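Report on one structure; see the data block that follows.
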Amino acid sequence: MRGFASAVAIALAVAVFAFAFASQSADSGRLSAQVLALESQVLHERSLDAMEMGDWAFRDALID
Numbered sequence: 038m039r040g041f042a043s044a045v046a047i048a049l050a051v052a053v054f055a056f057a058f059a060s061q062s063a064d065s066g067r068l069s070a071q072v073l074a075l076e077s078q079v080l081h082e083r084s085l086d087a088m089e090m091g092d093w094a095f096r097d098a099l100i101d
């Protein structure tokens, strides 16, 4: 009976550690997704700025 109880305790400890690791991995994945979304938004805004600067340069070239 003592061996069974220790086996159950070990299995429970392994399950708790596995759940904690999975939870941490999920949080890390969510954080990575948020960072990628923010970087994508910044790149999009930079591309819009570059397009606007290109438009202004084209207009300046037409005026000159």
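In this note's numbering, the protein residues as written are 38 to 101.
C-beta atoms are modelled at their ideal positions from N, C-alpha and C, and glycine is treated no differently.
Only a predicted model underlies this, so the values are computations on that prediction, with no experimental measurement involved.
Coil, strand or helix - Asp97 by DSSP: helix
Express the C-alpha separation of Leu75 and Met90 in angstroms, rounding to a whole number. 23 Å
Straight-line Cα distance separating Leu99 from His92: Correcting the residue type first, residue 92 is Asp in the shown sequence and not His. Going from the Cα of Asp92 to the Cα of Leu99 covers about 11 Å.
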